[in-house]
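The structure appears below as structure tokens.
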Amino acid sequence: MFQNIDIDALSAAKTWTEPYRFLIAQDVLNHQSTAALMEDFPDIKVPGFFDANQLEIGARFRSFLDEIRSPEVSKIVSDKLGLDLVQKPKMITIRKLSAAKDGRIHTDGPSKIATMLFYFNPEWQEGSPAGRLRVLRSSTNFDDMAAEISPVVGSAFAFRRSDSSWHGHKPFVGERRVVQMTWLLSEQDVERKARRGRFSYFFKRLLGA
């Protein structure tokens, strides 16, 4: 069933409970699919996360999105994060470009139950902290971290949202390809975020920034 996702690698992801509940997985893409997915990554011209439903997406990449939406993926993440996500509404957003202001420390809003990130960068800057996602213990210190994830292709990170689920990355400008899937409390939350995203995408394309 899974042409793109290595479901066994996802099932083998290590889980932590401090400073909040999260998982890190490696090699979650089937090796024979990686090159095709990288080639088919949506060509987004402006920085930011944008709703997958408003982007031009090729057939191969769409098949990857269909797989991560599957009940099987939600069940694995549910079990690891101590949640029941299978029936929860989902939203997928995609980023290709990162701006200097992106990555600020935050927890995610209360309408989000959990979030999962899949990275699609062929390599990352050796020795540089820029753009590497950090699991943080506070809202004020990028160096007080419990874990760090290099955003290379095949890496994935998921976490259970809470008032202490601090995360972020040091500033990076350029290509930083990532797919974000979020489980939300209600369909109304999905529509609200989608509507806000449509306005953001329209104005960023209009202004070219």
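In terms of the working numbering, the sequence shown opens at residue 859 and continues consecutively.
Ideal placement from N, C-alpha and C gives every residue a C-beta, glycine not left out.
DSSP links Val993 through a beta bridge to Ala1005 and His1025. Per DSSP, reduced to three states, the secondary structure at Ser986 is coil, with no helix or strand assignment. CA-CA distance, Gln945 to Gly1032, rounds to 36 Å. Leu941 and Val931 have their alpha carbons spaced roughly 13 Å apart.
Judged by their CB atoms, Pro1029 and Gly967 are not nearer to each other than the 8 Å cut-off. Judged by their CB atoms, Ala1016 and Val935 are nearer to each other than the 8 Å cut-off. Ala910 is a Cβ neighbour of Thr951, given a cutoff of 8 Å. The secondary-structure analysis by DSSP pairs Arg1053 with nothing; it has no beta-bridge partner. Taking Ile1007 as reference, the option from Leu895, Arg1050, Glu925 and Met974 with the minimal CA-CA separation is Met974. In the structure shown, Asp909 falls within a strand segment according to DSSP collapsed to helix, strand and coil.
Closest in C-alpha terms to Tyr977, from the list Arg879, Phe899 and Ala870, comes Phe899. Under the DSSP assignment, Arg920 falls in the alpha helix (DSSP H) whose first and last residues are Ala917 to Ile926. The alpha-carbon separation between Pro1009 and Pro929 amounts to approximately 25 Å.
Within its own chain, the residues whose Cβ lies closer than 6 Å to the Cβ of Leu881, once the five positions on either side in sequence are excluded, are Ala871, Thr873, Lys938 and Ala1016, listed in chain order. Here the alpha carbons of Gln983 and Ser1023 stand approximately 26 Å from one another. Each residue's CA atom was taken as its position, placing Phe908 and Gln890 some 27 Å apart. Excluding its 5 nearest sequence neighbours in each direction, Lys1051 has C-beta neighbours in its own chain below 7 Å: Met949, listed in chain order.
The beta carbons of Phe919 and Leu887 sit no closer together than 8 Å. If you look at Leu1042, you'll find it in the beta strand (DSSP E) that goes Gly1032 to Leu1042. DSSP places Leu975 within a strand segment (E or B) once states are collapsed to three.
Leu991 sits away from Phe1000, with the two beta carbons spaced by 8 Å or more.
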